[in-house]
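*Asks:*
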Amino acid sequence: MSSNSKQLIAVIGATGQQGGAVVRALQAQGQFKIRALTRHPAKHRGLADEVFEVDLDHPETLKAAFEGAHGVFLVTNAWEPGTDELKQATAAVRAAKEAGVQHFIWSTLPDVEAISGGKLRVPHFTDKAKIDRIVKEAGFAHHTFVIAPFFYQNVVGALAPQKQEDGTLGWALPIDRTVRGIHMGDIRELGNIVAGAFAHPDQTGNGEYLPLVGDFMSFNEIVDTLNRQGHEFSFKQVPSEVFASLFPGAAEVAAMFAYFQAHTYLGSDSRDRIALANKIAGRQPTKFSTWARVNFPVHASA
Ligand SMILES: NC(=O)c1ccc[n+]([C@@H]2O[C@H](COP(=O)([O-])OP(=O)(O)OC[C@H]3O[C@@H](n4cnc5c(N)ncnc54)[C@H](OP(=O)(O)O)[C@@H]3O)[C@@H](O)[C@H]2O)c1
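Here the working numbering is used: the first residue of the sequence shown is 7, the next is one more, and so on.
Here you go:
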């Protein structure tokens with residue numbers, strides 16, 4: 007099919023981890039034309055078939071961004087200062103509907119507040135979950151939810167091992183190291199699920215939830231896996247209230263670990279959803295040990 011007759015997918019966050027994965031998977035699949043959306047198009051020329059400017063905080067930019075699009079992938083970035091995920095996503099859903107978009111895919115997370123009976127506040131999860139209803143009620147011909155896992159990339163990024171008081175390199179976190187509660191994955195593989203969902207709206211487009219899960223682990227298993235590969239990481243559990251006072255935003259991180267421990271990352275038995283996601287992606291996601299061997303070599307932590 008020539009590029010002009012292909013249906014168009016507009017990808018928010020195309021310069022980031024999730025949206026970038028979506029762009030690359032759609033490119034590899036070859037079925038759709040891709041419009042990458044970014045606040046800085048001049049910096050990202052050549053990223054996709056088209057690169058358009060969009061700013062979720064300026065809804066007037068969304069009209070042109072979604073014009074002519076068959077599908078939209080939306081992710082919002084909770085960590086970008088000043089971001090109101092609900093406001094941004096509401097504007098994107100409205101603009102997509104007005105532009106005649108047929109298939110809307112939203113990268114959501116579980117509703118921690120509901121799952122924990124109001125005990126735990128993790129806004130970067132719950133705020134995303136609250137957007138699901140808006141997507142559902144917008145009346146797209148097809149809509150799909152994908153659930154990003156705890157990125158493997160966190161252990162070499164935001165949650166990289168730190169020098170501890172006893173001189174070891176490792177983690178001091180508010181979670182029981184023996185509890186298997188973390189659904190994890192290589193975020194670069196989220197794109198396979200999203201591309202598969204756009205290609206199979208009959209199987210995914212009635213509001214299905216598709217989580218990416220490469221592994222399901224406790225911190226003991228994470229540390230043991232890395233140490234078997236030659237690292238010498240330590241792990242110490244710290245009380246939640248101590249951790250919560252360590253840095254701005256630490257209370258939310260502490261609540262997030264408390265949630266993983268009490269309810270698991272996905273918050274419910276998700277075996278059927280994971281199986282559907284893997285089927286739609288057309289492959290089994292990479293296990294943590296395989297990912298770590300390549301992406302967390304021993305000299306990186308020495
Ligand atoms: N780390 C984890 O384990 C984990 C797990 C699940 C979910 N998440 C969620 O993942 C999300 C972040 O996704 P990511 O890792 O893919 O982000 P990322 O790599 O940091 O990239 C952020 C993307 O968001 C775009 N963006 C930010 N503000 C924007 C705005 N106002 N208008 C348009 N685009 C905007 C940026 O585009 P430009 O800069 O090019 O404009 C960029 O492409 C967060 O909400 C987080 O809660 C993280």
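For every residue, glycine included, the Cβ atom is placed at its ideal position computed from N, Cα and C.
CB D133 to CB A84, shorter than 8 Å?
*Replies:* Yes, the Cβ-Cβ distance between D133 and A84 is below 8 Å.
*Asks:* How would you call F253, buried or exposed, if buried means at least 16 neighbouring beta carbons within 10 angstroms?
*Replies:* Label assigned to F253: exposed.
*Asks:* What does A16 pair with, by DSSP beta-bridge criteria?
*Replies:* Answer is R41, V78, bridged to A16.
*Asks:* The alpha helix (DSSP H) with A205 in it runs from where to where?
*Replies:* It spans 196-205 - the alpha helix (DSSP H) in which A205 sits, taken as one unbroken run.
*Asks:* On the premise that I286 lies in contact with G202, defined as a C-beta separation below 8 Å, what is that separation, rounded to the nearest angstrom?
*Replies:* Yes, G202 and I286 are in contact; Cβ-Cβ is about 4 Å, under 8 Å.
*Asks:* CB of L62 to nearest heavy atom of ligand 1: below 7 Å?
*Replies:* True, at least one ligand heavy atom lies under 7 Å from that Cβ.
*Asks:* On a Cα-Cα basis, can you pick out the residue from A281, K125, E119, R194 that is closest to T292?
*Replies:* Nearest C-alpha to T292: R194.
*Asks:* Output the distance between the C-alpha atoms of K125 and K136, rounded to the nearest integer angstrom.
*Replies:* Taking the straight line from one Cα to the other gives about 17 Å.
*Asks:* Ligand 1 and L115: does the residue's C-beta get closer than 7 Å to at least one heavy atom of that ligand?
*Replies:* Result yes, Cβ under 7 Å from ligand 1.
*Asks:* Tell whether a beta-carbon distance below 8 Å holds between S50 and Q108.
*Replies:* Note that residue 50 corresponds to His in the displayed sequence, not to Ser. Cβ distance not < 8 Å, so H50 and Q108 don't count as in contact.
*Asks:* What's the gap between the Cα of Q123 and the Cα of F249?
*Replies:* First, the residue type needs correcting, since residue 123 is Gly and not Gln in the sequence shown. Their backbone Cα atoms lie some 23 Å apart in a straight line.
*Asks:* When the Cα atoms are used, what is the spatial distance from A311 to P47?
*Replies:* This structure does not reach residue 311, given that the chain is present from 7 up to 308, and the question cannot be answered.
*Asks:* Tell me which same chain residues have a C-beta within less than 6 Å of the C-beta of G19, skipping the five on either side of it?
*Replies:* Contacts found: G25, V81.
*Asks:* Would you check if there are 3 or more beta carbon pairs closer than 8 Å linking the stretch 180-190 to the stretch 226-245?
*Replies:* Segments in contact, yes.
*Asks:* According to DSSP, is G176 helix, strand or coil?
*Replies:* Here G176 sits in strand by DSSP.
*Asks:* Report whether the distance from the Cβ of R41 to the nearest heavy atom of ligand 1 is below 7 Å.
*Replies:* Checking every heavy atom of ligand 1 against the Cβ of R41, none is found closer than 7 Å.
*Asks:* Whose CA, out of G22, M223, G211, R41, lies closest to the CA of N10?
*Replies:* It is R41.
*Asks:* CA-CA distance, D55 and S246?
*Replies:* Spanning the two alpha carbons is a distance of roughly 47 Å.
*Asks:* How far does the alpha helix (DSSP H) with Y265 in it reach, from first residue to last?
*Replies:* Start and end: 256-269.
*Asks:* Which parts of the stretch 58-111 are runs of the beta strand (DSSP E), unbroken and 3 residues or longer, counting only runs that do not cross its ends?
*Replies:* Within the stretch 58-111, the complete beta strand (DSSP E) runs of at least 3 residues are 77-80.
*Asks:* Comparing the CB of R186 with every heavy atom of ligand 1, is any distance shorter than 7 Å?
*Replies:* Outside the cutoff, so no.
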